[in-house]
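Residue numbers (my numbering), protein chains in the order written: chain D, 1338 to 1678; chain B, 1338 to 1678.
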């Protein structure tokens, strides 16, 4: 079985975007925000948006199951206040939940959180609880920079975040560390901000005792870990310089890298540098890079091809495709077992 | 010959740091700032600080010439106003100039600029002129984020920066895009901020027409280009998605990556992905990572070992070690020729 741990609902029906526009326009206008009940998307529309897109590509590529979360760049936690984020997160999470109910064999949901700049992350707990307990979410996406590129939230090792971590540990649910759109003109969203956030989050883990406080907490660093694997010697050297334990002891028990790296040399480096137990198959399909690579004739984000072509032991490939994900996402494993898979 | 395009004067005599402390302490205190003439460092002290450190390691590693600039993390453009940065840059640049006079066969200077957040970069021109015309500097370090991690300066393609670019083109001098210390707790200086800046700058080049306006402008992206080579497929795909020309046409005529990547797999990736004409040998020695890698028994930053061990044609290796640097830094080439090298 092939499990893709990183898919977003980037193809939701237009009505979602229109509702969001009304919500954003209402901020500070004096007009009331639209109610959730004013968004009406039928099951047929949902089915079509998935069947023609993600599910079609999953079938073409042989991907069996995707951990499916709301569109990352649309989370936009910097817009409005907590109430705005809370209504928006509830709507987006419900849609992913519905997709997973319509296609239970192919999609399992992961939640966005109703984060808002300067607001206590504990306010996200009710949405998290609902998503895990009622919707069967197996993971959450945690945004380390809800400001959208201004980076004024405390680092991930700060106690600011501990209420979230306590709940994640209680539920045995990992967090993918994933920023949203950049409203800072310095940072292109998918070409700089995403990768920078991955590198930043990884280094925050290197310099902190976060995983001593939460030995069972698990972070998934998306986009192949940002710059970390390419600069693995630098990170090993910095850990040494800072008097920290080796990365294998201090960080790799709790952090995992996905395979959203869109060319063969990048995947080959990831496989060569990062222990196989820390690599999780993912494509982020349909995501930031949707085109066909003229050098290969295949989609850039068809990451399965790179992994199949990589010089990896078949047993290790199975870890990357399936068993690591079952271990890192125990609620996914439980769901698959209930399905007899 | 082996030319290291990226060395910093990280081993300056303590008096420099003490002078800087007095300068910083004076800001807003009502006390006068120390004068430049109050800093006294003799040639013997300079010689010793270099001979025992950078020059010793250059000899051990067979590096013939280093492009030598003030300590990057100490530039700290976010401290004080333009006058503070201007005095500090003048002092640091003069020291590198003196080092290059004391060791003309081994060091050639590159300048830091007296940038200051929110201040017109044109104010940096007099220092730049002095460094090129009087001190023989062959390059400058340009900080894309003088705020030190708040990233509130315009992107590098903004006309804000054009006065600098005009002067660089006039002098045929490249800019290394290099941030300084991070005062944002989210970003570890050398483990996140540096690499993020490299990735950010590269993506700013991808999305802009900067090099159409300045076809002769050259940027060196340090630290192996941040995350760019590891995610080369992503960047190629994003350029395509955004309707930009291929990277080879649009960016690689003007941008170059150094080899400050501190392990063999990273260097191997760089060599595999980036055209050899765009790779410049560098170590950033003595810099962020000073230790010995227990996996190899050698210094992490002994990057020559990785390049010697890489699967590269000898002619290509000569490009990386010497001829690319002579092409990208014509004033270095002229100086070497004057020396009969």
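Quick reminder that beta carbons are idealized off the backbone N, C-alpha and C, glycines included.
Keep in mind the model is a prediction, meaning the values are calculated, not measured.
Residue 1564 of chain D has a beta carbon lying within less than 8 Å of a beta carbon in chain B.
Interface flag for residue 1630 of chain B against chain D is set, since a Cβ pair is found closer than 8 Å.
Minimum Cα-Cα distance from residue 1518 of chain D among the listed residues D:1587, D:1512, D:1528 and D:1509 corresponds to D:1528. For residue 1595 of chain B, there is no enclosing alpha helix (DSSP H); the enclosing beta strand (DSSP E) covers residues 1592 to 1595. For residue 1580 of chain B, there is no enclosing alpha helix (DSSP H), since its DSSP letter is neither H nor E. Per DSSP, reduced to three states, the secondary structure at residue 1568 of chain B is coil, with no helix or strand assignment.
Scanning the stretch 1392 to 1447 of chain B for uninterrupted alpha helix (DSSP H) segments of 4 residues or longer gives 1409 to 1412 and 1419 to 1439, listed from N- to C-terminal end. Interface annotation for the stretch 1637 to 1659 of chain D against chain B: 1637, criterion Cβ-Cβ distance under 7 Å.
By alpha-carbon distance to residue 1342 of chain B, the top candidate from B:1424, B:1514, B:1411 and B:1423 is B:1514. For residue 1664 of chain D and residue 1462 of chain D, the gap between their C-alpha atoms comes out near 24 Å.
Membership of residue 1459 of chain B in any beta strand (DSSP E) is not indicated, and neither H nor E is assigned to it by DSSP. Here residue 1348 of chain B is exposed. Its C-beta has fewer than 16 other C-beta atoms within 10 Å.
The residues 1539, 1540, 1543, 1565 and 1584, in chain order, have a CB closer than 8 Å to that of residue 1572 of chain B in the same chain once the five nearest residues on each side in sequence are set aside. Within the stretch 1502 to 1572 of chain D, the complete alpha helix (DSSP H) runs of at least 4 residues fall at 1531 to 1543 and 1547 to 1550. Around the beta carbon of residue 1351 of chain B, fewer than 16 other beta carbons sit within 10 angstroms, so the residue counts as exposed.
Excluding the 5 residues flanking it on each side, residue 1367 of chain D has no same chain C-beta neighbour closer than 6 Å.
By the Cβ neighbour-count rule, residue 1635 of chain B is exposed, with fewer than 16 other Cβ atoms within 10 Å of its own.
Scanning D:1403, D:1452 and D:1673 for the CA closest to the CA of residue 1424 of chain D turns up D:1452. Excluding its 5 nearest sequence neighbours in each direction, residue 1646 of chain D has C-beta neighbours in its own chain below 7 Å: 1601, listed in chain order. Segment contact: the stretch 1653 to 1661 of chain D against the stretch 1492 to 1511 of chain D, fewer than three CB-CB distances shorter than 8 Å; contact not assigned.
Shortest Cα-Cα distance from residue 1671 of chain B to any of B:1650, B:1344, B:1575 and B:1510 involves B:1510. Scanning D:1625, D:1359, D:1379 and D:1377 for the CA closest to the CA of residue 1370 of chain D turns up D:1359. With respect to the C-alpha of residue 1412 of chain D, the residue from D:1427, D:1561 and D:1399 having the closest C-alpha is D:1427. DSSP places residue 1340 of chain D in the strand class (E or B) of the three-state scheme. The C-alpha of residue 1377 of chain B lies about 34 Å from the C-alpha of residue 1534 of chain B.
Burial is judged here by how many other beta carbons sit within 10 angstroms of a residue's own beta carbon; residue 1374 of chain B has fewer than 16 and is exposed.
Its Cα nearest to that of residue 1589 of chain B, the residue B:1557 stands out among B:1643, B:1557 and B:1620. For the stretch 1565 to 1577 of chain D, the residues whose beta carbon sits under 8 Å from a beta carbon of chain B are, in order, 1566, 1567, 1568, 1569, 1570, 1571, 1572, 1573, 1574, 1575 and 1577. Counting only the Cα atoms, residue 1570 of chain D lies some 39 Å from residue 1430 of chain D. At a Cβ-Cβ threshold of 8 Å, residue 1626 of chain D and residue 1392 of chain B do not count as neighbours. Residues of chain B with a Cβ closer than 8 Å to the Cβ of residue 1488 of chain D are, in chain order, 1486, 1487, 1488, 1521, 1523 and 1524. In the three-state reduction of the DSSP assignment, residue 1449 of chain D falls in the strand class, which pools E and B.
Contacts with chain B at 8 Å (Cβ-Cβ) include residue 1626 of chain D. Here residue 1669 of chain D is not near residue 1469 of chain D, since their CB atoms are 8 Å or more apart. Near chain D, meaning a CB-to-CB distance below 7 Å, the residues of the stretch 1581 to 1611 of chain B are 1598, 1599, 1600, 1602, 1603, 1606, 1609 and 1610.
For the 8 Å CB-CB criterion, residue 1414 of chain D and residue 1481 of chain D do not form a contact.
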